[in-house]
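A.B. asks:
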Amino acid sequence: MTNLVNEKGIRLDGRRLDEMRKIVARAGVLKRADGSGYFEFGNTKAIAGVYGPRPIPKFLEEEERSVLNVIYYMAPFSTKERAPPGPTRRSREISLVIKRALESIIFLEEFPRTTIDVYIEIIQADASTRCAAINAAAIALADAGIPMRDLVSSVSVGKIDGKIALDIAGKEDEEGEADMPVVYFPRRKEITLLQMDGIMTKEEFQQALKLALKGCEIVYKAQTEALRKKYEEIELDSLVQEIDNQIN
Amino acid sequence: MEKNENSKKEVENDYEKALERAKARRLVLPGEELGYGIAGSGTYIEKGIVVSKILGLADERNGTKFVIPLSGVYNPKRGDGVIGIIKDIVSSKWLVDINSPYLATLSLSDALNEFIDLTKEDLTKYYDINDVIFTKVLNVSRNKLVTLTMKEKRCRKLYGGTIIKVTPSKVPRIIGRKGSMVELIKEKTGCQIVVGQNGLIWIKGENKRLATEAILKIENYAHKVGLTDKIKEFLDAMLAKAEKRKEERLKEEEQGLDIDITIEMEEEKQI
Numbered sequence: 011m012t013n014l015v016n017e018k019g020i021r022l023d024g025r026r027l028d029e030m031r032k033i034v035a036r037a038g039v040l041k042r043a044d045g046s047g048y049f050e051f052g053n054t055k056a057i058a059g060v061y062g063p064r065p066i067p068k069f070l071e072e073e074e075r076s077v078l079n080v081i082y083y084m085a086p087f088s089t090k091e092r093a094p095p096g097p098t099r100r101s102r103e104i105s106l107v108i109k110r111a112l113e114s115i116i117f118l119e120e121f122p123r124t125t126i127d128v129y130i131e132i133i134q135a136d137a138s139t140r141c142a143a144i145n146a147a148a149i150a151l152a153d154a155g156i157p158m159r160d161l162v163s164s165v166s167v168g169k170i171d172g173k174i175a176l177d178i179a180g181k182e183d184e185e186g187e188a189d190m191p192v193v194y195f196p197r198r199k200e201i202t203l204l205q206m207d208g209i210m211t212k213e214e215f216q217q218a219l220k221l222a223l224k225g226c227e228i229v230y231k232a233q234t235e236a237l238r239k240k241y242e243e244i245e246l247d248s249l250v251q252e253i254d255n256q257i258n
Numbered sequence: 717m718e719k720n721e722n723s724k725k726e727v728e729n730d731y732e733k734a735l736e737r738a739k740a741r742r743l744v745l746p747g748e749e750l751g752y753g754i755a756g757s758g759t760y761i762e763k764g765i766v767v768s769k770i771l772g773l774a775d776e777r778n779g780t781k782f783v784i785p786l787s788g789v790y791n792p793k794r795g796d797g798v799i800g801i802i803k804d805i806v807s808s809k810w811l812v813d814i815n816s817p818y819l820a821t822l823s824l825s826d827a828l829n830e831f832i833d834l835t836k837e838d839l840t841k842y843y844d845i846n847d848v849i850f851t852k853v854l855n856v857s858r859n860k861l862v863t864l865t866m867k868e869k870r871c872r873k874l875y876g877g878t879i880i881k882v883t884p885s886k887v888p889r890i891i892g893r894k895g896s897m898v899e900l901i902k903e904k905t906g907c908q909i910v911v912g913q914n915g916l917i918w919i920k921g922e923n924k925r926l927a928t929e930a931i932l933k934i935e936n937y938a939h940k941v942g943l944t945d946k947i948k949e950f951l952d953a954m955l956a957k958a959e960k961r962k963e964e965r966l967k968e969e970e971q972g973l974d975i976d977i978t979i980e981m982e983e984e985k986q987i
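Order-wise, the sequence lines are chains W and R. In terms of this note's numbering, the first sequence is residues 11 to 258. In terms of this note's numbering, the second sequence is residues 717 to 987.
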């Protein structure tokens, strides 16, 4: 077994223990969806599309609120070995977990008798896919103009070689001692989702949570920047240019 | 003359004020704090502070803070003039698609003034499925049952034409201040245009392609300053271009005719 962390506290991919992978966030990547988002943690890549609020069959509707429908799906080519297409037990569970995490931030009561559909596709998986999925979904929801209390940000923390590390990746996920995805609601400083695999002591858990919240702040910044970029980029200058091109 | 100049100045002042207002607006994201005040549309209050709940442009009027959305579906409001498409007819009412998540109902008494004997008459005589109407929202109940009326000003059936879809939040920009933008497009292209608050726009006329292009441009650049002038420039240039092309085509046709005639003459000579 190789060491996941060396004596200097450097991990396999050259990161420090409290360092995150490279983040890429984008808004409005799908033209056909009402809102869309893309989120990347190093080699983990997620794309989310939001449709609605739109009508729902009568037997599924709720009189007082909109029904949030989340589908998390892993592309067959996303993993090292090809995964058979179609929903699995795991993907169904994660869909439900993400739905719970997002429900608490959306004003569902504003659109009674409708549904909001969130489709998340993992196009490349390298640990913490549910975190990337939630981050992409939050961007997509804001892009779709759905009323929300705030964006949610998510990051995973874990214990590798007895040390607490931020943003677990690849081998660390497979061979590490613990893995804990956290979804954070920055405005209220609340946690909307917390799961854990493995064993940690109380002190380690507290340390891990602290680290996770620090990571979530970084993710939140990336998400807001992505949304701002989409809507601020459209300058009038580009309209002038477009008109000029069309005339000549 | 003086009066004219004065009114001109007023218009300019108005324009500058609008410019300043538009520049003061800033892009906000859900969860962004707007400070203390009264919570208007697109906001909520948490611990006494007004917070934005949608992505949009923050603005303030008389202490009320509100956010103008930049995306999202149409949420029907009482008194909105909308364009609807008849989707179904049930016993004594029509079901109308108004580009929102909710189907609206237009009941018989809100649609017609005369008495109708339902046992003898067919409702499709008045509005058939897939007919397009301009109608007003009479009421929206708490659980979003939308009723429409045809008994108000400007409500009518729209014959022919094309419907285009834009983001509902950008409709005010397409209409412009006191209808300036839509009047400009109507004037330049000579099209009939009806704009619904729900983001459906009905266009009829020869130049509807150009009108559509202009409207989609406005939609893409809706929250930018000085748009009216740019659109005017665009329409003028495109119209001039079309005119030029037309002239060229006419010329070509004339030349073509000349050639035909000469050939005929030659043929005659041969005979």
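Every residue gets a Cβ at the ideal spot worked out from N, C-alpha and C, and that includes glycine. In this text, all values refer to a predicted model and were calculated from it rather than measured experimentally.
Between the Cα of Arg872(R) and those of Asp826(R), Ile805(R), Tyr818(R), Lys886(R), spot the shortest distance and give me the residue it belongs to.
C.D. replies: Asp826(R)
A.B. asks: Check each residue of the segment 739-757 of chain R: if its Cβ is closer than 8 Å to any Cβ of chain W, include it; give the result in chain order.
C.D. replies: Within the segment 739-757 of chain R, the residues whose Cβ lies closer than 8 Å to some Cβ of chain W are Leu743, Leu745, Pro746, Gly747, listed in chain order.
A.B. asks: Which stretch, first to last residue, makes up the beta strand (DSSP E) that contains Pro63(W)?
C.D. replies: Boundaries of the beta strand (DSSP E) harbouring Pro63(W): 54-65, taken from the DSSP string.
A.B. asks: State yes or no: is the C-beta of Val911(R) within less than 7 Å of the C-beta of Ile891(R)?
C.D. replies: Yes, the Cβ-Cβ distance between Val911(R) and Ile891(R) is below 7 Å.
A.B. asks: Take every Cβ of the segment 739-752 of chain R, pair it with every Cβ of the segment 769-781 of chain R, and state whether three or more of those distances are shorter than 8 Å.
C.D. replies: Touching, yes.
A.B. asks: Can you tell me where the alpha helix (DSSP H) holding Ile901(R) begins and where it ends?
C.D. replies: 896-905
A.B. asks: Excluding the 5 residues flanking Lys904(R) on each side, which residues of the same chain have their C-beta closer than 6 Å to its C-beta?
C.D. replies: Leu951
A.B. asks: From Lys967(R), Leu828(R), Ile802(R), Ile919(R), pick the residue whose C-alpha is nearest to that of Val882(R); which is it?
C.D. replies: Ile919(R)
A.B. asks: So, using beta-carbon positions, are Asn936(R) and Ile814(R) closer together than 7 Å?
C.D. replies: no
A.B. asks: Interface residues of chain R around Gly45(W) at Cβ under 7 Å?
C.D. replies: What Gly45(W) touches in chain R: Ser787.
A.B. asks: In terms of DSSP beta bridges, what is Ala820(R) paired with?
C.D. replies: Val812(R), Val862(R)
A.B. asks: For Gln913(R), name the three-state secondary structure that DSSP assigns.
C.D. replies: coil
A.B. asks: Below 8 Å on the Cβ atoms is my guess for Gly800(R) versus Thr851(R); work out the distance and round it to an integer in Å.
C.D. replies: With a Cβ gap of about 5 Å, Gly800(R) and Thr851(R) count as contacting.
A.B. asks: Using the rule of at least 16 other Cβ atoms within 10 Å of the residue's Cβ for burial, across every protein chain shown, is Pro884(R) buried or exposed?
C.D. replies: buried
A.B. asks: Using three-state DSSP, classify Asp44(W) as helix, strand or coil.
C.D. replies: coil
A.B. asks: Can you find a C-beta in chain R that's less than 7 Å from the C-beta of Pro122(W)?
C.D. replies: yes
A.B. asks: Compute the Euclidean distance between the alpha carbons of Arg75(W) and Glu113(W), then round it to the nearest angstrom.
C.D. replies: Taking the straight line joining both Cα atoms gives about 11 Å.
A.B. asks: If you measure beta-carbon to beta-carbon, which residues of the segment 768-796 of chain R are closer than 7 Å to chain W?
C.D. replies: Lys769, Ile770, Leu771, Pro785, Leu786, Ser787, Gly788, Val789
A.B. asks: Could you give the DSSP three-state label for Glu235(W): helix, strand or coil?
C.D. replies: helix
A.B. asks: Would you report the Cα separation of Val77(W) and Leu70(W), rounded to the nearest angstrom?
C.D. replies: 8 Å
A.B. asks: Can you pull the chain R residues whose beta carbon is under 9 Å from the beta carbon of Gly155(W), in chain order?
C.D. replies: Within chain R, the residues near Gly155(W) are Ile770, Leu771, Gly772, Pro785, Leu786, Ser787, Gly788, Val789, Thr883, Ser885.
A.B. asks: Taking the C-alpha atoms as reference points, what is the distance between Met897(R) and Gly756(R)?
C.D. replies: Here the alpha carbons of Gly756(R) and Met897(R) stand approximately 26 Å from one another.
A.B. asks: Please check the pair Met210(W) and Ala188(W), which I expect to be a contact at CB under 8 Å, by giving their CB distance rounded to whole angstroms.
C.D. replies: 5 Å
A.B. asks: Is Lys239(W) close to chain R? Criterion is C-beta to C-beta, closer than 7 Å.
C.D. replies: no
A.B. asks: Locate the alpha helix (DSSP H) running through Ser101(W), then write down its first and last residues.
C.D. replies: 99-113
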